[in-house]
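Residue numbering for the sequence shown follows my numbering, beginning at 516 and increasing consecutively. We put the CB at the ideal spot given by N, CA and C, even for glycine.
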Amino acid sequence: MSTTWHVERCLCRAGQAEERGQYALARRLLAPVLDREPENPDAWLLEARILGKTGKLPEALAILESLVMADQNNVAARMLLVGALLLQNETERAMDHLLIAARGWNDLEPGEQDEQVLSSLWSSYTDRSK
Numbered sequence: 516m517s518t519t520w521h522v523e524r525c526l527c528r529a530g531q532a533e534e535r536g537q538y539a540l541a542r543r544l545l546a547p548v549l550d551r552e553p554e555n556p557d558a559w560l561l562e563a564r565i566l567g568k569t570g571k572l573p574e575a576l577a578i579l580e581s582l583v584m585a586d587q588n589n590v591a592a593r594m595l596l597v598g599a600l601l602l603q604n605e606t607e608r609a610m611d612h613l614l615i616a617a618r619g620w621n622d623l624e625p626g627e628q629d630e631q632v633l634s635s636l637w638s639s640y641t642d643r644s645k
C-alpha cells in the first residue's frame, strides 16, 4: 500500500511540476517511478508529454508508439501520438491513429464508415473552435 501511495504521490507531484513548466523537476520526480515500475503507462505518458514539451519529439514518439502497441485502447497515448505525428508532418500516420481511436469510440470495424467518422470528427472540431 505504501509503495502505491508513493508512486501516486510522485506521479502527482511530477504532473504538477510539468503543468508549471518545471520540466527538469518533473523528470527528476518521475525517474524513481520509471525505475521501480517500468511498465507503468501513466508514468510513461507523463514522460512522453515532458519530452515533447522540451523538444525531444523523437523520444516522445517512441514512447507513445510503445504505449499504443501495448494497449490499443490507451486513448490518451493515442491522441498525444496523433498530435506528435502532426508536429512531425506525418499527417497520414496521424490520421490512421485518429481513425483507430474514432472507430473504438463508435464500435466500428477497420474501413467501416471511415469517411463518415472523419466528417463527424471534423464537424465536432470546427463546432468547438467557433
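**OP:** Compute the distance between the beta-carbons of Pro553 and Asp586, then report whether it is under 8 Å.
**Re:** For the purposes of this step, residue 553 is taken as residue 38 along the sequence shown, with counting starting at 1. For the purposes of this step, residue 586 is taken as residue 71 along the sequence shown, with counting starting at 1. Taking 8 Å as the Cβ cut-off, Pro553 and Asp586 do not qualify as a contacting pair.
Original post:
Is Leu579 near the ligand GDP, going by C-beta to nearest heavy atom under 7 Å?
Top reply: This structure lacks the ligand GDP, and indeed carries no ligand of any kind.
Original post:
Taking only runs of the alpha helix (DSSP H) that begin and end inside the stretch 566 to 610, which ones reach a length of at least 4 residues, in chain order?
Top reply: Taken in chain order, the whole alpha helix (DSSP H) runs of length 4 or more contained in the stretch 566 to 610 are 572 to 585 and 590 to 602.
Original post:
The alpha helix (DSSP H) with Pro547 in it runs from where to where?
Top reply: The count along the sequence shown starts at 1 and reaches residue 547 at position 32. Where Pro547 is concerned, the enclosing alpha helix (DSSP H) stretches over Tyr538 to Arg551.
Original post:
To the nearest angstrom, how far is it from the Cα of Leu540 to the Cα of Ala529?
Top reply: By 1-based counting over the sequence shown, the position of residue 540 is 25. By 1-based counting over the sequence shown, the position of residue 529 is 14. Counting only the Cα atoms, Ala529 lies some 7 Å from Leu540.
**OP:** Tell me whether Asn588 is buried or exposed, calling it buried when 16 or more other Cβ atoms sit within 10 Å of its Cβ.
**Re:** To locate residue 588, count along the sequence shown from 1; it is residue 73. By the neighbour-count rule (16 or more Cβ atoms within 10 Å), Asn588 is not buried but exposed.
Subject >> Spatially closest choice to Ala558 from Leu614, Arg593, Met610 and Cys525, by CA coordinates >> reply: Position 43 of the sequence shown, counted from the start, is the residue given in the question as residue 558. It is Cys525.
Original post:
For His521, does the three-state DSSP call read helix, strand or coil?
Top reply: As a working note, residue 521 is residue 6 in the sequence shown. It is helical.
Original post:
By the 10 Å Cβ neighbour count, where 16 or more other Cβ atoms means buried, how is His612 classified, buried or exposed?
Top reply: Along the sequence shown, read from residue 1 onward, the residue named residue 612 stands at position 97. That one is buried.
Original post:
Buried or exposed: Ala577, going by 16 or more other Cβ atoms within 10 Å of its Cβ?
Top reply: As a first step, residue 577 is located in the sequence shown; it is residue number 62 there, counting from the start. Around the beta carbon of Ala577, a 10 Å sphere encloses fewer than 16 other beta carbons of the protein chains shown; the residue is thus reported as exposed.
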